[in-house]
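S.K.: Chains as they are written, first to last, in numbering that gives the first Met the number 0: chain A, 0 to 222; chain B, 0 to 179.
Yeah, the Cβ is synthetic: ideal placement off N, Cα and C, and Gly gets one too.
Please find one structure pasted underneath; my questions will follow.
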Amino acid sequence: MDGRPVIPVGTHDLACLEPEEYAALALYMQKTAQGIEAALMETRDNVNEYRLRTSLEYVSTVTTSFAAGGGTVMPDGRAANGIDWSGATVLGGGSVTTATTAGGSISFVPARSGWYDIGAYTNAIAAGAVTVGSERVLYVLGIQTPDLPATDSTVIFQERVTDTNTGGEFLNVSGLAYFVGGRAASVQVLVSHANAASNLVMQIGSKVWIAYYGPRNVIVANA
Amino acid sequence: MPDTPVFAITYPCEGSSITMQDFYDFATTVEAAVVGVDALATEAVLPPNVSVQLSLAGVALNVATDITYVSEDWDSAAIAAPPATALTVPADGMYFVPFYAGVSGFATLTSMRAAISVNGVNQYAFKFAPNSGTPNRSVPHGLLRLAAGDLVRCNFLWTGTGGPGTVTGSMGLILHSRQF
């Protein structure tokens, strides 16, 4: 400390004075206070990696009707078919540095490598007649490669059900996927159905989320 | 006396005479800073969470009914107080809410629906018409943005004949992130 003799203490660059250095005590206490603060800030930042795990969630605010076949993207571009997904629960910073729905996908650059919980939920009710035994499917597709592809192509989670009622079909799918930090990634959620007799209507409150779960070595031992 | 900018650790000015009060202030502010970080670490390592066991007899046909939980495990933040229907969110954040439910005591079962509600509004649900076997089903989890004091419940609705039914199952509330 300023050329004065000190005795190192611990592993956080803290030190104490030699007994004869009383005159430097005030400065020593200042340096120690700053050293303790720096150590605590580092600890706090590490702790906040888990306390403030970045979560990104879209929640629909209006209903949308879609016909049988193909696939309807959730969340879709708002101008394309009128679906409005609230941004109120989009949580920025942390691992998701950007998130857009351009082209129907959620594009983002995770700041941290690790496992991400990806999921979606919707309640899709037939607007009219029901095709008995027709299926409803909720897909989550994700991709991340060094050469970003033009479209998402890999189904990573899926729920497929058949239905014969008019009271709505609740679809909920989720799972963990690994993303490399700093590399562009995209996730697309599709919902489709085979209810030829009428459209299905996705209800308000449908959800899509991406939530940082933790680094690889927390999930996979000895990886 | 000056403080450090983030944790407000108090230290004496250079050149001033050092008293016992300076040491006291230094030590107590360091202690307060460490206690504050300890609380964050505890929340990260042991986030508020609870698992409760649902059980309610007398569930009438075709009436969405809030299901009572009768016992709890791992409650780290006074989230549950059995017997009751509501879990009380302890702090703002993003939470996972896993649940499953099933029904017995019916003559015939046409359909069953279980839902997780927040302040009375359904957020996640499943519904199915069981063909055979034990009529219950799980939902892996739902991610919900919840505020301190929000009330989370599981409600159940069944159609068919007979009854009233008895609903059993489980429900959890686990803090995922304090980002809000």
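Should V5/B be labelled buried (16 or more other beta-carbon atoms within 10 Å of its own) or exposed?
M.R.: Here residue 5/B corresponds to residue number 6 of the second sequence, with the count starting at 1. V5/B is exposed by the Cβ-count criterion.
S.K.: Select from I115/B, D2/B and G164/B the residue whose C-alpha is nearest the C-alpha of G204/A.
M.R.: What you label residue 204/A is simply residue 205 of the first sequence in a count that begins at 1. For G204/A, the nearest C-alpha among the options comes from I115/B.
S.K.: Decide if V129/A is buried, meaning its Cβ has at least 16 other Cβ atoms within 10 Å, or exposed.
M.R.: Counting from 1 along the first sequence, the entry for residue 129/A is found at position 130. Looking at its Cβ environment, which holds 16 or more other Cβ atoms inside 10 Å, V129/A is buried.
S.K.: Kindly confirm or deny that the region 39 to 52 of chain B and the region 61 to 80 of chain B touch, where touching means at least three C-beta pairs closer than 8 Å.
M.R.: In short, these stretches touch, since the Cβ pair count reaches three.
S.K.: At 9 Å on the CB atoms, spell out the chain B contacts of I124/A, in chain order.
M.R.: Counted from its first residue, the first sequence places residue 124/A at position 125. Here the premise fails: no neighbours, minimum Cβ distance about 11 Å.
S.K.: Measure the C-alpha to C-alpha separation of N80/A and T63/A and round it to an integer number of angstroms.
M.R.: In the first sequence, residue 80/A corresponds to position 81, counting from 1. In the first sequence, residue 63/A corresponds to position 64, counting from 1. Residue placement at N80/A cannot be trusted, given a pLDDT of 34 that sits under 50; what the coordinates show is reported in the next sentence. The straight-line gap from Cα to Cα measures roughly 8 Å.
S.K.: So for M0/B, helix, strand or coil by DSSP?
M.R.: If you number the second sequence from 1, residue 0/B lands on position 1. Three-state DSSP puts M0/B in coil, outside helix and strand.
S.K.: For the beta strand (DSSP E) holding V44/B, just list the boundary residues, first then last.
M.R.: The residue given as residue 44/B occupies position 45 in the second sequence. Per DSSP, V44/B belongs to no beta strand (DSSP E); it is in the alpha helix (DSSP H), M19 to V44.
S.K.: Contact between the region 168 to 185 of chain A and the region 21 to 36 of chain A is defined here as three or more beta-carbon pairs at a separation below 8 Å; is this criterion met?
M.R.: No: fewer than three Cβ pairs fall under 8 Å.
S.K.: May I ask you to list, following chain order, the residues of the region 1 to 17 of chain B that have a beta carbon less than 7 Å from some beta carbon of chain A?
M.R.: Listed in sequence order: T3, V5, F6, I8, Y10, P11, C12, E13, G14, S15 and I17.
S.K.: Find the residues of chain A that neighbour G119/B, judging by a C-beta separation of less than 9 Å, and give them in chain order.
M.R.: For the purposes of this step, residue 119/B is identified with residue 120 of the second sequence, where counting begins at 1. Ordered by position in chain A, no residue passes the 9 Å Cβ test against G119/B, which lies about 13 Å from the chain.
S.K.: Compute the Euclidean distance between the alpha carbons of D37/B and P81/B, then round it to the nearest angstrom.
M.R.: Taking the first residue of the second sequence as position 1, residue 37/B is located at position 38. Taking the first residue of the second sequence as position 1, residue 81/B is located at position 82. Each residue's alpha carbon lies about 30 Å from the other.
S.K.: What's the C-alpha gap between I78/B and P214/A?
M.R.: In the second sequence, the residue the question calls residue 78/B occupies position 79. In the first sequence, the residue the question calls residue 214/A occupies position 215. Approximately 28 Å, taken between the alpha carbons.
S.K.: Name the residue from A196/A, G113/A and L26/A whose alpha carbon lies nearest to the alpha carbon of E134/A.
M.R.: If you number the first sequence from 1, residue 134/A lands on position 135. Ranking the options by Cα distance to E134/A, first place goes to A196/A.
S.K.: Which of the three DSSP states, helix, strand or coil, is assigned to G141/B?
M.R.: The sequence position of residue 141/B within the second sequence is 142, counting from 1. The answer is coil: DSSP assigns G141/B none of H, G, I, E or B.
S.K.: Any beta-carbon of chain B closer than 9 Å to the one on F178/A?
M.R.: Translated into positions along the first sequence, residue 178/A becomes position 179. Not an interface residue.
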